[in-house]
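If you read the sequence shown in this note's numbering, its first letter stands for residue 153, the second for the next number, and so on.
We put the CB at the ideal spot given by N, CA and C, even for glycine.
None of the values given here were measured: they were computed from a predicted structure.
Notes to accompany the following structure.
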Amino acid sequence: MRAAATLALTLLALSCSKGPDATPALASVSSAPAARSAAVSRIPPLVSLGGEAQPLPTKVPTPGAPWIYARSLRTWVHEAPQKGSSRLGYLRAGASSPTSAKPTGLDGCEGGWFGVEPTGFVCAGTSATLDPQDPIVRATQDHPADPRRKLPYIYGVVRRQGPAYISLPTAEQLERAEPGFPKRMARWLAAEGEVGASYGADLWLGGASESVDPKVVWEQGQSDALPEFLRNGGVAPNILDVPRSPGALIAAEAKLRTGYAFYYTLLHQGRRYGLTTDLMFLPTDRLRPIRGSDFHGVQIGKDIDLPFAFVRQPKAHFWLYQRSADALLDAGPADYRAAVKLTGKQNFFNGRLYYETVDEKWLSDFDASRIDPAKKMPGWGAAGEKWIDVNITKQTMTLYDGTKPVYATLVSTGEAGLEDSQHTTATKRGIFRIHTKHVTATMSSQELGEEFELRDVPYVQYFDRQGYALHGAYWHDRFGMPKSHGCINLSPEDARRVFYFTEPALPPGWHGVLLPLKGTVLFVHP
């Protein structure tokens, strides 16, 4: 997938997270570039290359202490307390930070500029508030993007178009909003496969160990406790600030093949609804739940040593060389996407290159991608920088910490392979630096080259001003083969690990970081 350049700055998804205990006022927070760089460089990785995540912050503000809360999908953090100052990144509704009791300044901000951790300032008003009881803050603050899972939210794709609600409808309201609903519900409960109620029911619980049988809860009319904002006839807060008619129940139409991210789901009168990140309720029986690929790469030196190869073809086989007959004999299937240790020897048989494995078998280079250390270490690696090597021909990515290779995986680059990236879906080649990172970002059908829209695409890292990015892909499982429209697709788990390896580091509680002084180098080559 490749997004237009404007998406990097406009169609952004933001994260929500509670801050730590209250601290002294942040009047001393510096906006100088050197101070900003130092503050960000001290941030430890939230997720390791082995996939282990640090615990999410759980501390809450001390009553009466000054805190600032994001109440918008884009609460921009500025470098200085001035309207025209550079944007460092942004928070998503529900995120919070200790701040000063009084604003640092009023330049271009009627509500005043307030410092946030670890650096920068937000404008109090439409997108941020000092009020912890604000309805949008209350609805979002307990549901941050979760870095402990391969996907930061619960995901589903619309397979049957229908209404998105601002409240949970009663039986009478359903009859008007969704004519024929009882019969359609009965068909869904009885259907088998991905179109039926039994498929992926556990996914709607966001990682809970047990599932809930949709047929049982429907027949019994079970309901969960309503969130506070829906009690006493309440509706979801209007986070998009779109005009609503008095007494309105429907916020929008959920279009076919649109992907949504959900904070959580709940039962209402036997039907399950998911709360989207823009605070609408979608019935899950109109969606296909997304599990996402379970594939991920390996840590070099821990899981396996160089040289090794990834099996990238589903029907790959090992081969034995019989010297007396000068022939290759089938030695059985090679596990798809397995990492296989090699001896380093390679040979041509019948005009095709093969790699020797440590158990004296052979793998064809058509079926597998060999991973070796860089033949010539680039200057940035010799200088101790982190960097990423992407080989389009092999469909591989190798992460380096200075001169040391530390992680490798399979990717999906542009479908057009090595053709001209300006006129095809090929991935742009060259040397880049990651300049913008988003925990999630929305990408539209125009930029994707597909007939759908994907909300909250996970772990997006832009490396080129024309909109090329690394990002997780939850809609396919073809890693190791060209698949994208120009971006570099990673499995959800790889995207999570790589996101927290690269620089600039994402400050805790932020959903995006922009325009760094020095992002991680990305070398994309044939």
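Length of the line joining the Cα atoms of residue i and residue j
i	j	result
A400	P678	55 Å
G263	V309	39 Å
M676	H590	The residue you asked about is not Met; residue 676 is Val in the sequence shown. If I take the Cα positions, the gap works out to 21 Å.
T333	D437	It should be noted that the sequence gives Phe, not Thr, for residue 333. Whole-angstrom Cα-Cα distance: 11 Å.
K527	Y305	40 Å
W219	T271	14 Å
A647	N499	34 Å
D286	T278	11 Å
Y652	L208	14 Å
A276	L198	28 Å
L418	L666	35 Å
P366	I442	17 Å
R328	R396	18 Å
C261	G241	18 Å
T579	K635	10 Å
W370	G352	16 Å
D511	L472	10 Å
D173	W662	Unreliable positioning characterises D173 in this predicted model, as indicated by a pLDDT of 26, which lies under 50. The coordinate reading is nonetheless provided below. Rounded to the nearest angstrom, the two C-alpha atoms are 17 Å apart.
G345	R440	11 Å
D517	G358	39 Å
P530	R239	31 Å
S573	T550	22 Å
P213	Q206	20 Å
P557	L674	14 Å
G582	Y620	12 Å
Under the three-state DSSP convention, the category residue i falls into
i	result
I288	helix
D482	strand
D572	coil
N390	coil
K367	helix
P334	helix
Q325	helix
A349	coil
V199	strand
G601	Because the pLDDT at G601 is just 47, under 50, the model does not fix this residue reliably, and the point stays unresolved.
R522	strand
Y488	coil
P315	strand
L658	coil
G463	The displayed chain sequence assigns Val, not Gly, to residue 463. Reduced to three states, the DSSP call for V463 is strand.
Q451	strand
F631	coil
L458	coil
Same chain only: Cβ atoms within 6 Å of residue i, ignoring 5 sequence neighbours per side
i	result
A404	A316
G501	Sequence check: residue 501 is Phe here, not Gly. The answer, listed in chain order, is L480.
S445	D629 and S643
P233	T256, G257, W265 and F273
R607	G411, Y412, A413 and T594
Y507	A461, L494, Q498, L515 and R522
P466	Y488
M432	A316 and A403
H420	L320 and S375
Paired residues, beta bridge with residue i - DSSP
i	result
C261	In the DSSP output, where bridge partners are listed per residue, C261 has none listed.
N543	T548 and H677
M595	L606
Y507	Q498 and L515
W228	Y242
I306	F414
Q613	K589 and L622
R423	H420
V665	G241 and K589
V473	According to the sequence as given, residue 473 is Tyr; it is not Val. According to DSSP, Y473 bridges with L480.
D553	K538 and K556
H405	The sequence shown places Glu at residue 405, rather than the His named in the question. BP columns for E405 point to P315.
W219	P250
A280	A222
Nonlocal neighbours in the same chain, by C-beta distance under 8 Å from residue i, ignoring five residues either side
i	result
S521	A461, F462, R464, N543, K546, Q547, T548, L562 and G632
Within-7 Å CB hit, residue i to chain D
i	result
V563	Protein chain content of the structure displayed is limited to a single chain, and chain D is not contained in it.
Contact set for residue i: own chain, Cβ-Cβ below 7 Å, skip 5 residues either direction
i	result
T281	Y221, R223 and V289
V268	I220, V229, S249, T251 and V274
F381	P287, R290, A291, A388 and P389
H295	C168, G246, Y415 and Y416
K686	Residue 686 cannot be examined here, being either before or after the span of the chain that is shown, 153 to 678.
D482	H469 and W471
Within the chosen definition, does the segment 310-321 reach the segment 409-425 through at least 3 CB pairs nearer than 8 Å?
yes
Touching by the beta-carbon criterion (3+ pairs, under 8 Å), the segment 530-537 and the segment 482-492:
no
Please determine if the segment 198-212 and the segment 448-468 are in contact, where contact requires at least 3 C-beta pairs separated by less than 8 Å.
yes
Any 3 or more C-beta pairs closer than 8 Å across the segment 576-589 and the segment 655-667:
yes
Between the segment 613-621 and the segment 630-649, do at least 3 Cβ pairs fall closer than 8 Å?
yes
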